[in-house]
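Report on the structure given below.
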Amino acid sequence: MAKGVWIVAEQRDGAFRKISFELASTARKLADVLGEEVCAVLCGSGIEGIAGQLGKYGVDRVFVADSPALEPYTTDAHAAAVAKVVKENDPAILLLGASTQGKDLSARLVGKLVTGLATDCTDVKIADGKLLAIRPMYAGKCFGEVVFSTFPQMASLRPNVFPAVENAKAGAVVKFDPALDAGQLKTKVLEVQKDTSGKADLTEANMIVSGGRGMKGPEGYAILEELAAVLGATVGASRAAVDAGWRPQSDQVGQTGKIVSPNLYIACGVSGAIQHLAGMSSSKIIVAINKDAEAPIFTKADYGIVDDLFKIIPEFTQECKKLLA
Amino acid sequence: MNIVACVKQVPDTEAQIKVKPDGSGIEEGGIKWVMNPYDEFGVEEALRLKEKNGGEVTIVNVGPARAMETIRTALAMGADKGIHICDPAFDGADAFATASALAAAIKGIPHDIIFCGQRAIDDDSGQVGAILAELLGIPQITVVTKFEFAGSSVKVIRPIEGAQLLIECPLPCLVTAQKGLNEPRYASLPGIMKAKKKPVDVKDAASLGVTVTANARVAKFIPPPARAAGKIICGDDPATKARELARLLREEAKVI
Ligand SMILES: Cc1cc2nc3c(=O)[nH]c(=O)nc-3n(C[C@H](O)[C@H](O)[C@H](O)COP(=O)(O)OP(=O)(O)OC[C@H]3O[C@@H](n4cnc5c(N)ncnc54)[C@H](O)[C@@H]3O)c2cc1C
Ligand SMILES: Nc1ncnc2c1ncn2[C@@H]1O[C@H](COP(=O)(O)O)[C@@H](O)[C@H]1O
Chain A
1 MAKGVWIVAE QRDGAFRKIS FELASTARKL ADVLGEEVCA VLCGSGIEGI
51 AGQLGKYGVD RVFVADSPAL EPYTTDAHAA AVAKVVKEND PAILLLGAST
101 QGKDLSARLV GKLVTGLATD CTDVKIADGK LLAIRPMYAG KCFGEVVFST
151 FPQMASLRPN VFPAVENAKA GAVVKFDPAL DAGQLKTKVL EVQKDTSGKA
201 DLTEANMIVS GGRGMKGPEG YAILEELAAV LGATVGASRA AVDAGWRPQS
251 DQVGQTGKIV SPNLYIACGV SGAIQHLAGM SSSKIIVAIN KDAEAPIFTK
301 ADYGIVDDLF KIIPEFTQEC KKLLA
Chain B
1001 MNIVACVKQV PDTEAQIKVK PDGSGIEEGG IKWVMNPYDE FGVEEALRLK
1051 EKNGGEVTIV NVGPARAMET IRTALAMGAD KGIHICDPAF DGADAFATAS
1101 ALAAAIKGIP HDIIFCGQRA IDDDSGQVGA ILAELLGIPQ ITVVTKFEFA
1151 GSSVKVIRPI EGAQLLIECP LPCLVTAQKG LNEPRYASLP GIMKAKKKPV
1201 DVKDAASLGV TVTANARVAK FIPPPARAAG KIICGDDPAT KARELARLLR
1251 EEAKVI
């Protein structure tokens, strides 16, 4: 019988990504309902030393594959390693992050393990001893409750939605041999160009200050950058701003951009087209600043200001500076 | 070169999605159906590859009868032929079942490069490309914003959180397209006329020898949680409003 709640932990350059702790805590909650164990799989090179940190968030055992072939991440190597250890141990539930890496890996694993996956879930629970996964569909225009008929029951969790809670368990390290066959490793990472801004990616950001066509041009974003610097936020954009060439593609929020769920989303000069709302309506607190009181963004906003953003933002930045000083 | 592009038919992004009262699905009445926007990037890249290097582009779809229109759109853009896997058994099929059907159809034809969208904007699952690659036993590179064909391999850019990766992969392989990859062309009028005569092979589950699974199934569709009505902040001047907003975010919402 399939048993246990497993996670695939994610690390980069020897440091855990925050999602790993979110996964561990969530797995712990599910496992406690089932009365089962939480295990993590950790793949990389020279990472054995960090494995124990997962214990702090409720992991009983960490299966570690340590090999130069596992760094940097490639689908070929990681999918082979994770599939091997999962097949050997037959967990009931397998959780991954809905990060770029987790999405890539989880889908490949569905093929290898011949099972089912609910992507980008915003809630998971146990119902009648089985996993019930809740996920936005149609970019959040509706939600689906997903049930499974095969094992492992797989779900990827949206970053920033599930809390990481300390709950110390053993975090015992179990080494395993990923048995990688060099002939199977087809893809090669030739270059990693790191973004040097030091800003959190929109999908992982705690706060987002987003600008639309109302910013008037690329120069308009200077006031948003300033506000973002004060708050420690990441700057986002509507598609209109991206298509106009004011902001890079990677800044686009929406149905054909990034789906985000920060604690605070401040939309400035964004009308709130359905495709934009689809990408940000799972944000915890939404603020809209728009001079048009009829703009649809106000239907989603917790707080709204109807005024010229070029007058409001600089004042608001000053206020935040004072409050956070 | 033999190029395959998988296309799905989905509701237009403008569509308001209404859940059926019994939660069994969404109301399809009044929906305008279009090609999944990410698949447009895949078809465009396939066509550019063919135009530069010669070869043929085959469009593959799993979908109901109406999805033929989306296949014709891809043919009108310039693809050569289509395979339409049309069987009511696939209604409500999961990603594994869809990928199995695509794999069965694609196994029967030569394929050097396969393009999919990085996700379909209806189910938002982003799984089918990777499962398909696994079932065909070929490597995948997902969410690609730049594609270059280099003889016997491809070089692509894949953005991840905080970095861009330059990845090389030998053929055959599967690539999933992200916005930014290219600007998809519109079908021209002559293209639309020509598309009508291009061959589309229609198949069902039995003729492909696939069984339709539902390993993960949406048991219930639910409307999104309603948001409580927001507060419009009033005040005599911008400074007053800005101060009140900062206060509310700190004291009431406790987010700053
Ligand atoms: C297939 C498809 C996919 C799409 N995907 C996305 C997506 O992923 N993300 C996305 O964002 N859009 C997407 N769109 C585009 C979407 O439909 C809208 O066109 C776009 O979101 C509008 O951007 P905007 O709000 O910046 O511009 P507008 O709609 O032009 O709104 C600008 C707003 O700024 C306000 N404003 C102007 N000046 C000021 C000022 N000085 N002070 C305060 N307010 C001011 C105006 O009142 C207005 O409300 C998509 C469209 C299609 C067809
Ligand atoms: N029914 C389908 N027919 C053809 N291609 C599909 C189908 N479903 C998904 N795909 C392909 O797989 C991609 C990802 O879809 P999904 O996993 O459903 O988000 C899409 O962009 C398509 O390229």
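Heads up: the sequence lines are chains A and B, in that order.
For the first sequence, the residue numbers in the numbering used here are 1 to 325.
For the second sequence, the residue numbers in the numbering used here are 1001 to 1256.
For each residue, glycine too, the CB sits at the ideal point set by N, CA and C.
For Gly279(A), the enclosing alpha helix (DSSP H) begins and ends at Ile274 to Met280. Within its own chain, the residues whose Cβ lies closer than 6 Å to the Cβ of Ala293(A), once the five positions on either side in sequence are excluded, are Val306, listed in chain order. Within the same chain, Met1001 come within 7 Å of Gly1054(B) by CB-CB distance, once the 5 residues on both sides are set aside. Just so you know, the alpha carbons of Leu113(A) and Thr150(A) end up roughly 10 Å apart. According to DSSP, residue pairing for Phe1149(B) in a beta bridge involves Val1154(B).
Around Cys268(A), no beta-carbon contact reaches into chain B at under 8 Å, the shortest distance being about 12 Å. Under DSSP, Val1175(B) takes part in a beta bridge, and its partners are Phe1115(B) and Ile1141(B). Scanning Asp1236(B), Ala1226(B) and Ala1195(B) for the CA closest to the CA of Gly1078(B) turns up Ala1195(B). Listed by position along chain A, the residues whose Cβ is nearer than 7 Å to that of Cys1169(B) are Lys186 and Thr187. With a threshold of 8 Å, the Cβ atom of Ser238(A) counts as near ligand 1, since some heavy atom of the ligand is closer than that. With a beta-carbon spacing of about 22 Å, Leu1049(B) and Ala1099(B) fall beyond the 8 Å limit used to define contacts.
Shown in chain order are the members of the segment 117-134 of chain A whose Cβ falls below 9 Å from a Cβ of chain B: Leu117, Ala118, Thr119, Asp120, Leu132, Ala133 and Ile134. Take Val1043(B), set aside five residues on each side of it, and the residues of its chain with a beta-carbon closer than 8 Å to its own are Ala1005, Val1007, Met1035, Val1057, Ile1059, Ala1074, Met1077, Ala1079, Phe1115 and Pro1184, in chain order. By the criterion of at least three beta-carbon pairs nearer than 8 Å, the segment 1207-1223 of chain B is in contact with the segment 1022-1034 of chain B. If only uninterrupted alpha helix (DSSP H) runs of at least 4 residues are considered, those enclosed by the segment 74-158 of chain A are 75-89 and 100-113. Identification of chain A residues near Asp1091(B) by a Cβ-Cβ cut-off of 7 Å yields none; the smallest Cβ-Cβ distance measures about 15 Å. Within the model, the alpha-carbon separation for Leu30(A) versus Arg158(A) is close to 16 Å. For Cys320(A), the residues of chain B that pass the 8 Å Cβ criterion are Ala1246 and Ile1256, in the order they occur in the chain. One finds Ile1017, Lys1018, Val1019, Ile1026, Phe1221, Ile1222, Pro1223 and Pro1224 in chain B with Cβ atoms closer than 9 Å to the Cβ of Cys142(A), taken in chain order. The CB of Gly211(A) never comes closer than 7 Å to any CB in chain B; the least such distance is about 17 Å.
For Arg28(A), the enclosing alpha helix (DSSP H) covers residues Lys18 to Leu34. Assignment of Asp1039(B) by DSSP, reduced to helix, strand and coil, places it in the helix class. Nearest C-alpha to Thr1176(B) among Val1010(B), Leu1189(B), Pro1011(B) and Ser1125(B): Ser1125(B). At a C-beta separation below 8 Å, Arg1250(B) has these neighbours in chain A: Leu323.
Shown in chain order are the members of the segment 1071-1098 of chain B whose Cβ falls below 9 Å from a Cβ of chain A: Asp1094, Ala1095 and Phe1096. For Leu1208(B), there are no C-beta contacts with chain A under 8 Å, since the nearest C-beta of that chain is about 17 Å from it. For a Cβ distance threshold of 9 Å, residue set Gly1162, Ala1163 and Gln1164 of chain B lies close to Lys194(A), ordered along the chain. Straight-line measurement puts the Cα of Pro1170(B) at about 9 Å from the Cα of Gly1151(B). DSSP places Tyr221(A) inside the alpha helix (DSSP H), whose first and last residues are Tyr221 to Leu231. For Val174(A), the CB contacts under 6 Å within the same chain, skipping 5 residues up- and downstream, are Arg61 and Phe63 in chain order. At a cut-off of 9 Å between C-beta atoms, Gly1108(B) does not count as an interface residue with respect to chain A.
Contact annotation: in the segment 1033-1048 of chain B, residues whose CB is within less than 8 Å of a CB in chain A are Pro1037 and Tyr1038.
When rounded, the separation of the alpha-carbon atoms in Ala127(A) and Arg17(A) is 29 Å.
The alpha-carbon separation between Val1062(B) and Asp1201(B) amounts to approximately 12 Å. For Thr74(A), same chain residues with a beta-carbon under 8 Å away, outside a window of 5 residues either side, are Leu185, Thr187, Lys188 and Val189 in chain order. Apart from the 5 residues on each side of it in sequence, Pro248(A) sits with its Cβ closer than 8 Å to the Cβ of Val242 in its chain, given in chain order.
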